[in-house]
Amino acid sequence: MMHDAVLTVLFYALGAFAVLCALAVVNARRLLRAALALMFVLLASAGLYLLLGAEFLAGVQVLVYVGGIVILIVFAVMLTSAADLLEDNPRFGRKLAGAVASIGFLALAGTVFSRIALRAPAPGTHPPDDASAIGRKLLDFGAEGYVLPFEIVSLLLLAAVIGGIVIARKTPPPGQPFTSGGDAPGEADIALPRSQRDEPEGPDA
Amino acid sequence: MLEFLAAHKPGHVEWLLLSAALFAIGLYGVLTRRNAVAVLIAVELMLNSAALNFVVFNRYVAPAAFDGQIMAIVVIAVAAAEVVVGMAIFVALFRHRATIDVNRMNTMKD
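Those protein sequences? They're chains A and B, same order as listed.
Numbering follows our numbering, with no gaps: position 185 of the first sequence is 190.
Numbering follows our numbering, with no gaps: position 28 of the second sequence is 1057.
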């Protein structure tokens, strides 16, 4: 009983904290504050994962989301901050449309959730060692395994890395070769070894 | 007090409502923000709530399996890729146009 009571308290505390921080994310006028509030939402989600018994996922959430994605967003905010540091307040019609859409979604979802009955779960069969079980499942070749999505995700990440570099790098002015970065005109002379340059007055000519 | 709390243990409806609330807040942000980075942040909120939904269903429908958690891991990886490409696009756009207002992004073709 003690366990259930603690679970209830933690669920409602973390849930209220996550919802409040999410409201701060969409309403903060300074984008850095929005990014900070997003970090707290993600940390609260990691806590909720722990309550659900997904310890490995909570670790991944903290490492990848909080440690990686939020940092990237902060970089994006800082690199583009000269545009408009302050998000101006949206117009009332826009706010109203957004509020109607999101509250409508929430009402619809609430109605659906209160009417469905989930199949009763198989009693207490959660294996304690979930990190190694997830790893084995990710690399399983069988019908229940996820090795194909795993490989596709790795290709997707590679493509995202290459795409990010190509899109965000400085494009050279017209006439310059794409590889020089646009600011090293003598690069071709330096790159070729001396014996391969076509100079008529070499030392042994 | 203890009995009351133990009797009101969150079931799947409460968990799903929490995740739906987070998703709705993210939807509001996507619809109202004008700065592209803010829109990206709101999309992250929605992706996070979807991953939470996967884990909730994993816990309440098939607690012995790990399929929902693996889906959540895939969602996290895709979100990371999306943020990388989105941030690169915004930085390039800002360098060329000095704006990241989504209302003024309708002239990308020239």
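Each residue gets a CB set at the ideal place from its N, CA and C atoms; glycine is no exception.
Helix, strand or coil: how does DSSP classify residue i here?
i	result
residue 1096(B)	helix
residue 35(A)	strand
residue 146(A)	coil
residue 1116(B)	helix
residue 1075(B)	helix
Under 7 Å between C-beta atoms, does residue i make it to chain A?
i	result
residue 1088(B)	yes
residue 1082(B)	no
residue 1116(B)	yes
residue 1103(B)	yes
residue 1120(B)	yes
residue 1079(B)	no
residue 1039(B)	yes
residue 1131(B)	no
residue 1068(B)	no
When the cut-off is 7 Å and only beta carbons count, does residue i lie next to chain B?
i	result
residue 9(A)	yes
residue 140(A)	no
residue 187(A)	Residue confidence is low: residue 187(A) scores 45 on pLDDT, short of 50, so the model does not pin down where it sits. Its coordinate-derived value is still stated next. No, because no Cβ of chain B sits closer than 7 Å to the Cβ of residue 187(A).
residue 5(A)	Residue 5(A) lies beyond the stretch modelled for chain A, which goes from 6 to 210, so this question has no answer here.
residue 50(A)	yes
residue 83(A)	no
For residue i, which beta-bridge partners are listed by DSSP?
i	result
residue 1064(B)	1130(B)
Are the beta-carbon atoms belonging to residue i and residue j less than 7 Å from one another?
i	j	result
residue 1091(B)	residue 161(A)	no
residue 1119(B)	residue 85(A)	yes
residue 1069(B)	residue 1115(B)	yes
residue 1121(B)	residue 173(A)	yes
residue 54(A)	residue 1084(B)	yes
residue 12(A)	residue 1088(B)	no
residue 1107(B)	residue 165(A)	no
residue 73(A)	residue 1117(B)	no
Beta-carbon of residue i versus every beta-carbon of chain E: anything under 7 Å?
i	result
residue 1076(B)	The chain labelled as chain E is not found among the protein chains of the depicted structure, namely A and B.
Cβ contact check for the region 133 to 146 of chain A and the region 1062 to 1081 of chain B: 3 or more pairs under 8 Å: no
The region 1055 to 1065 of chain B touching the region 41 to 57 of chain A, judged by at least three CB pairs closer than 8 Å: no
The region 63 to 79 of chain A in contact with the region 1033 to 1053 of chain B per 3-pair CB rule at 8 Å: no
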